[in-house]
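Accompanying notes for the structure given below.
Residue numbers (our numbering): 38 to 249.
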């Protein structure tokens, strides 16, 4: 429990949802949404801040040259990903540019949320200190071999690329240690939704207490 977290939403309860690549965060977030909860996805916000016409995209093009852009002027994500995995200085520069912009956009969207509780979905919730914004943290947990298989298939990436992303993230053990709640996504969809429903009811109860 993070008692010092500021009440950002109109109903004040903010839940951090995280998990490694391929763990099923998006599926879990959609499960909560079907039950009436709103969620803000840091990955979606990260794409929005580098959309066509944004100051961040202009800065990236100025830093890495026009080849970092697609023919239509949008960001070539594959090319940028390759650069930052090979060049730590480039990675640090990009993070210094994007993290403040992403954080500001996240805060604006979270503040506008009006559901009883709101989920902040972020793969690097703990690594980027976003857990300080929330009252509870939920980790979607899955076996590492399952992560690798799912993410490789979903992203059409090589196993070595997915493994590099996994290595850059907090370990499965570290995430479990930091979690207030854990959702086991090693089973089927029915088992997964049952866990989501239990936590949804728990969060509604907690939100009601905070409202009084």
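Even for Gly, the Cβ is constructed at its ideal location relative to N, Cα and C.
Nearest-angstrom Cα distance between residue 105 and residue 118? So the two alpha carbons sit approximately 10 Å from each other.
Grab the span of the beta strand (DSSP E) containing residue 177 for me, first residue to last. Segment 173-178, the beta strand (DSSP E) holding residue 177.
Over the uninterrupted alpha helix (DSSP H) stretch that includes residue 158, give me the two end residues. Premise fails: residue 158 lies in the beta strand (DSSP E), 154-158, not in any alpha helix (DSSP H).
In whole angstroms, give me the CA-to-CA distance for residue 44 and residue 50. The predicted position of residue 44 is uncertain, since its pLDDT is 47 and thus under 50; no value can be drawn from it.
Below 6 Å CB to CB, which residues in the same chain sit around residue 120 once its five sequence neighbours on both sides are set aside? The residues are 127.
Give the range of the alpha helix (DSSP H) segment to which residue 16 is assigned. Nothing about residue 16 can be read from this structure; the chain reaches only from 38 to 249.
Figure out for me which residue from 210, 155, 90, 116 has the closest Cα to the Cα of residue 237. Restricting attention to 210, 155, 90, 116, the CA atom closest to the CA of residue 237 is found in 155.
Are residue 134 and residue 79 touching if we call contact CB-CB under 8 Å? The criterion of a C-beta distance shorter than 8 Å is not satisfied by residue 134 and residue 79.
Taking buried to mean at least 16 other C-beta atoms within 10 Å of its own C-beta, is residue 245 buried or exposed? Classification of residue 245: exposed, given that the 10 Å Cβ count is below 16.
Return yes when the Cβ of residue 152 is within less than 8 Å of the Cβ of residue 73, no when it is not. For residue 73 and residue 152, yes; Cβs fall inside 8 Å.
Counting along the chain, where does the beta strand (DSSP E) carrying residue 78 start and finish? Residue 78 -> beta strand (DSSP E) spans 75-78.
If you follow the beta strand (DSSP E) that residue 55 is part of, which residue opens it and which one closes it? Run containing residue 55: 50-55, per the beta strand (DSSP E) assignment.
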